[in-house]
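Residue numbers (this note's numbering): 18 to 243. This report concerns only the one structure given below.
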Amino acid sequence: MPGVLAMKKVDLTGKVFGRWTVIGDSGERRNKKVVWSCVCQCGTHKMVVGSNMVNGNSKSCGCWDREVAAQRLTTHGDCSGGVTTKERTAYTHMLSRCYNQNSKQFHDYGGRGISVCDEWRSNDGYAKFLAHVGRKPSDEHSIDRIDVNGNYEPGNVRWATTAEQARNKRLHRDNTTGVSGISRRNGKWRSKITVGYRQINLCTTNDFFEACCSRKAAENQYWRAA
18 MPGVLAMKKV
28 DLTGKVFGRW
38 TVIGDSGERR
48 NKKVVWSCVC
58 QCGTHKMVVG
68 SNMVNGNSKS
78 CGCWDREVAA
88 QRLTTHGDCS
98 GGVTTKERTA
108 YTHMLSRCYN
118 QNSKQFHDYG
128 GRGISVCDEW
138 RSNDGYAKFL
148 AHVGRKPSDE
158 HSIDRIDVNG
168 NYEPGNVRWA
178 TTAEQARNKR
188 LHRDNTTGVS
198 GISRRNGKWR
208 SKITVGYRQI
218 NLCTTNDFFE
228 ACCSRKAAEN
238 QYWRAA
């Protein structure tokens, strides 16, 4: 019999530490410490050393710290001295587009079912919104939905430039070809692209595939360089 008994591993499976819920033993060891597979309350999966959760050094994937920081900024800076930040203005406009029927943009947003998630409409909704998107990178950026038919919610919202948003627009309501920038007139296929505020006519052809190729080539030429 060995003179020293091995310390029995405590099974943390199913236990909750802060925002972590332990899924199970990952099989990995760091400095002889058990590493557990965990999921954060926000949905992030990560491998975490068990002792770090038990002693309170690890409470989340980092989302908690970001929210606390955002809340601090919201309380002490975003609406102080009568000055509202650009992020707060973007947040307010986002809500207006979806819920204010007097907004000029309501028809293209709330009017067609686009909404803001409950999390971002709660009492601390702005703080949670800011924690997700961060500060506005530049004056050229504005809020953009990655899926243009989706809602304003975590995972579908980002800051994007005008050029980036131009590539991400939904098909125009009178588009019948199913491809952005392609139209059919007088039996001919026509392709075009908008760069900045300038519309460029690319080609007129009898071949739909050729029109699509010219559009794709133009996207690579003009938009990738933007």
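Glycine included, each C-beta is placed from N, C-alpha and C at the ideal position. Computed from a predicted model, the values in this text were never measured in an experiment.
For residue 233, three-class secondary structure by DSSP: Collapsing the DSSP output to three states places residue 233 in a helix.
Residue 47 and residue 66 closer than 8 Å at C-beta: Contact: yes.
Of the listed residues 108, 208, 168, nearest to residue 145 (C-alpha basis): Between residue 145 and the set 108, 208, 168, the nearest pair of CA atoms involves 108.
Residue 63 and residue 55 closer than 8 Å at C-beta: Result yes, Cβ atoms of residue 63 and residue 55 sit closer than 8 Å.
Cβ-based neighbour list, residue 78, same chain, cut-off 7 Å, excluding 5 preceding and 5 following: Result list for residue 78: 57, 59, 61, 63, in chain order.
Residues bridged to residue 38 (per DSSP): Answer is 33, 56.
Three CB pairs or more closer than 8 Å across the stretch 128-146 and the stretch 111-119: Touching, yes.
Distance between residue 143 and residue 170 (C-alpha atoms, nearest Å): Each residue's alpha carbon lies about 12 Å from the other.
Supposed close pair residue 111, residue 160 - CB separation, criterion 8 Å: About 6 Å separates the two Cβ atoms, so the contact holds.
Given residue 221 as reference, the closest of 206, 235, 215 once Cα atoms are compared: Nearest in C-alpha terms to residue 221, of all of 206, 235, 215, is 206.
Best match in 28, 95, 149, 127 for proximity to residue 137 [C-alpha to C-alpha]: Taking residue 137 as reference, the option from 28, 95, 149, 127 with the minimal CA-CA separation is 149.
Reduced DSSP secondary structure (H/G/I, E/B, other) of residue 216: Here residue 216 sits in strand by DSSP.
Residue 110, enclosing alpha helix (DSSP H) - first and last residue: Per DSSP, residue 110 is one residue of the alpha helix (DSSP H) stretching across 103-116.
Residue 51 and residue 76 closer than 8 Å at C-beta: One thing to note: residue 51 has its Cβ no nearer than 8 Å to the Cβ of residue 76.
Span of the beta strand (DSSP E), counted from its first residue to its last, around residue 124: Premise fails: residue 124 is in no beta strand (DSSP E) and is neither H nor E.
Buried/exposed call for residue 45, threshold 16 Cβ in 10 Å: That one is exposed.
Own chain residues within Cβ distance below 6 Å of residue 235, not counting five before or after: 210, 219.
C-beta contact flag for residue 103 and residue 153 at 8 Å: Remark: C-beta atoms of residue 103 and residue 153 approach each other more closely than 8 Å.
Continuous beta strand (DSSP E) stretch holding residue 159: start and end: Run containing residue 159: 158-162, per the beta strand (DSSP E) assignment.
As assigned by DSSP and simplified to three states, the class of residue 211: Residue 211 carries a strand assignment under DSSP once its states are collapsed to helix, strand and coil.
Residue from 41, 157, 151 with nearest C-alpha to residue 172: Measuring from the Cα of residue 172, the nearest candidate turns out to be 151.
Alpha carbon of residue 74 to alpha carbon of residue 238, nearest angstrom: Cα-Cα distance, rounded: 49 Å.
Cut-off 7 Å between Cβ atoms - residues of its own chain near residue 18, not counting five sequence neighbours on either side: Annotation note: pLDDT 44 at residue 18 (below 50); position unreliable, coordinate value reported separately. The beta carbon of residue 18 lies closer than 7 Å to none in the same chain, with the five residues before and after it left out.
Unbroken beta strand (DSSP E) run spanning residue 245, endpoints: The structure shown does not extend to residue 245, since the chain spans only 18 to 243, so no value can be given for it.
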